[in-house]
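Asker: Protein chains in written order, with this note's numbering: chain A, 1 to 354; chain B, 355 to 708. C-beta atoms are modelled at their ideal positions from N, C-alpha and C, and glycine is treated no differently.
1. With DSSP collapsed to three states, give me the class of residue 433 of chain B.
2. Kindly indicate the opening and closing residues of the alpha helix (DSSP H) around residue 394 of chain B.
3. At a cut of 8 Å, does the segment 119-129 of chain A reach the segment 641-654 of chain B through at least three beta carbon pairs?
4. Can you give me the C-alpha to C-alpha distance between residue 627 of chain B and residue 608 of chain B, rounded to a whole angstrom?
5. Going by alpha carbons, who is nearest to residue 24 of chain A out of A:334, A:323 and A:104?
6. At what residues does the beta strand (DSSP E) containing residue 678 of chain B begin and finish?
7. Could you please give me the residues that DSSP links to residue 596 of chain B through a beta bridge?
8. If you pair each beta-carbon of the segment 630-646 of chain B with each one of the segment 659-673 of chain B, do three or more pairs fall below 8 Å?
9. Please report the distance separating the alpha-carbon of residue 605 of chain B from that of residue 578 of chain B.
10. How about residue 172 of chain A: is its C-beta nearer than 7 Å to some C-beta of chain B?
11. Is it the case that the segment 416-432 of chain B contacts the segment 680-693 of chain B, given that we only count it when at least three CB pairs across the two stretches are under 8 Å?
12. Got a sec? Which residues, its chain only, sit under 7 Å from residue 492 of chain B by beta carbon, not counting five neighbours each side?
13. If residue 121 of chain A and residue 192 of chain A are in contact, beta carbons under 8 Å, what's the gap, nearest whole angstrom?
14. What is the DSSP secondary structure of residue 510 of chain B, reduced to helix, strand or coil?
15. Quick one: is residue 41 of chain A buried, meaning 16 or more other Cβ sit within 10 Å of its Cβ, or exposed?
16. Just to make sure I have the definition right: I need the residues of chain B whose C-beta is within less than 7 Å of the C-beta of residue 273 of chain A. Which are they?
17. Starting from the beta carbon of residue 293 of chain A, find every residue of chain B whose beta carbon is closer than 7 Å, and list them in chain order.
18. Contact between the segment 650-657 of chain B and the segment 586-594 of chain B is defined here as three or more beta-carbon pairs at a separation below 8 Å; is this criterion met?
19. Which runs of the alpha helix (DSSP H), 4 residues or longer, sit entirely within the segment 634-670 of chain B?
20. Starting from the beta carbon of residue 296 of chain A, find every residue of chain B whose beta carbon is closer than 7 Å, and list them in chain order.
21. Please classify residue 499 of chain B: does DSSP put it in a helix, a strand, or coil?
22. Please name the residue or residues paired with residue 54 of chain A in a DSSP beta bridge.
23. So residue 653 of chain B contacts chain A; which residues on that side make the cut at Cβ distance below 9 Å?
24. Alpha carbon to alpha carbon, how far is residue 181 of chain A from residue 110 of chain A? Give it in angstroms, no decimals.
25. Please check if any C-beta of chain A sits within less than 7 Å of the C-beta of residue 667 of chain B.
26. Per the contact definition of three or more C-beta pairs closer than 8 Å, is the segment 693-708 of chain B in contact with the segment 362-381 of chain B?
27. If you run the structure through DSSP and keep just helix, strand and coil, what is residue 450 of chain B?
28. Can you list, in chain order, the residues of the segment 243-267 of chain A whose Cβ is nearer than 9 Å to any Cβ on chain B?
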């Protein structure tokens with residue numbers, strides 16, 4: 001593979017010196033881009049887009065053609081893993097993901113098995129290889145997975161939820177069954193991320209979208225412990241470099257100290273955390289990735305500039321910060337605002353690295 | 355009015371000695387109770403229920419007839435205030451509240467006025483008076499309002515939202531207009547709570563359901579500052595006793611120190627915060643109310659007992675804790691579990707007050 005021309009992201013995730021703060025954006029390939037919508041229409045559905053390595057490669061590269069971002073992130077969906085477990089993923093237009101066979105019965109939970117990623121998620125691995133070839137060493141490629149707990153939420157609920165009624169009923173009535181699902185998920189996520197690394201992912205991120213809806217006690221037992229297990233099983237080196245890992249629990253701002261101790265290289269932060277206090281709290285343990293309120297991109301150019309400057313100042317001098325949003329780019333974002341954001345980060349950050 | 359027989363709640367909110375930890379539950383009059391559903395059916399709609407002092411009194415008292423709770427909370431809805439401002443509140447069955455005229459135009463924002471509660475919210479004040487008579491001094495009655503920011507979210511979005519797109523667009527494009535709404539709301543909430551106190555509310559709570567979706571900087575400027583303004587305008591005494599105030603920002607666990615400093619007597623906590631650390635952080639400034647995960651009520655009797663014991667131990671010895679959930683009672687709760695919870699709190703807490 002070609003030597004990496006821009007390794008700023010990988011260096012920042014390992015808290016090595018950089019010339020400026022790197023930036024990439026969650027959901028940078030998404031519905032705010034007209035070219036993404038065109039490809040999605042061509043694919044016929046979101047799932048067909050995820051399952052076609054050609055089209056997944058195409059949309060992964062689209063934001064990089066527009067903006068000088070410091071990383072690409074694999075275009076895929078966290079629910080491909082439970083889909084590969086046989087739960088039957090489908091999407092209802094305008095309503096989000098659903099599973100044909102939500103995981104509620106004890107026999108089904110006992111029958112659950114971690115899929116072999118080469119066999120069942122080959123289309124993702126093909127996309128990783130194809131994107132790496134297309135990137136040709138310009139910027140690193142980030143692979144990702146949902147966390148064991150977040151996947152369990154979708155698997156048990158069968159769809160998105162605001163209260164996680166079924167998952168939490170299991171948690172407070174049959175914790176043994178929830179642990180059984182999480183053990184299988186931890187195995188599945190470990191194998192899946194390792195297969196992505198094997199195929200060419202140069203950093204990996206675990207999205208724990210729903211761990212923040214737990215109590216601090218349940219978070220440690222049902223989400224954090226299983227992310228720790230995944231991290232302990234990850235391949236850490238590839239192509240002679242460390243493959244940094246990022247853990248992101250949305251709504252987990254109160255638990256950063258616990259998260260920093262599970263063996264990841266960086267923490268993703270949502271926008272509820274002050275970046276300066278977060279840095280103080282985690283010290284030298286991990287880098288930090290985040291944490292602009294995505295809604296700033298709905299504001300005007302002055303708001304983008306002001307809030308960017310605020311975050312850079314809050315983090316302060318030195319490496320260990322990867323600029324990102326605190327959640328995905330809103331669908332209604334004007335692409336000009338993304339351009340302004342990337343420009344502001346690249347223009348305003350070098351002074352903090354001088 | 356009759357002398358108060360059980361003043362444990364009021365004493366705990368002021369961190370005065372108590373014999374046991376008092377308990378009430380957010381949404382204790384709600385859809386998990388068959389008798390509530392019967393009254394609601396009789397009323398014809400949720401809004402008709404809110405607007406009838408007789409029926410509001412009836413449902414306010416229902417949970418007290420079943421469980422030895424230490425407080426009643428006025429049955430009403432936070433959106434009665436914007437309704438009184440002329441936005442046209444209505445409910446779509448199964449989809450939650452909507453406004454006929456969401457607040458999006460500059461002229462409409464400039465025209466917005468705080469309603470006179472006696473004139474426009476008389477049905478709430480009638481309910482307060484009627485509930486007080488019916489309670490006959492058995493337990494105190496809590497009044498409440500939405501926070502200025504939370505009301506603004508509903509007023510601008512016109513309905514519930516997961517991303518507050520319109521509100522945040524205003525925040526990041528026209529903060530002057532959002533401030534204008536918040537000024538009117540702060541006036542309206544102050545007048546409304548004072549009218550409730552005048553009518554007989556013995557404690558008041560401000561529900562800031564959506565402040566937690568802000569950045570720390572925006573929270574201080576757009577939510578906290580206006581709750582502080584409300585608090586500074588509240589009548590603090592009635593019937594020779596202090597009327598304690600509780601501020602609850604859902605998702606505000608990172609900002610407790612800031613919240614404790616705005617002049618309230620207690621903070622409501624959602625279940626993401628460890629109660630022991632919260633107590634350490636706020637010190638002697640305020641009492642704490644919370645913070646059981648409502649989903650524990652979907653668990654079995656052992657889970658209810660175990661999680662109750664955990665919270666009581668986390669708070670530790672001494673007054674200043676009001677037991678509650680971290681959010682409203684789930685609709686699917688078995689009333690037996692509520693009975694078990696109230697019993698567990700009353701049975702397990704005296705040792706912490708000996």
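Answerer: Straight from the coordinates:
1. coil
2. 388-397
3. no
4. 9 Å
5. A:323
6. 675-679
7. B:591
8. yes
9. 13 Å
10. yes
11. yes
12. 359 and 360
13. 6 Å
14. helix
15. exposed
16. 608
17. 569
18. no
19. 655-669
20. 526
21. strand
22. Partner(s): none; residue 54 of chain A has no beta bridge.
23. 168, 169, 171, 172 and 173
24. 8 Å
25. no
26. yes
27. strand
28. 251, 252, 253, 254 and 255
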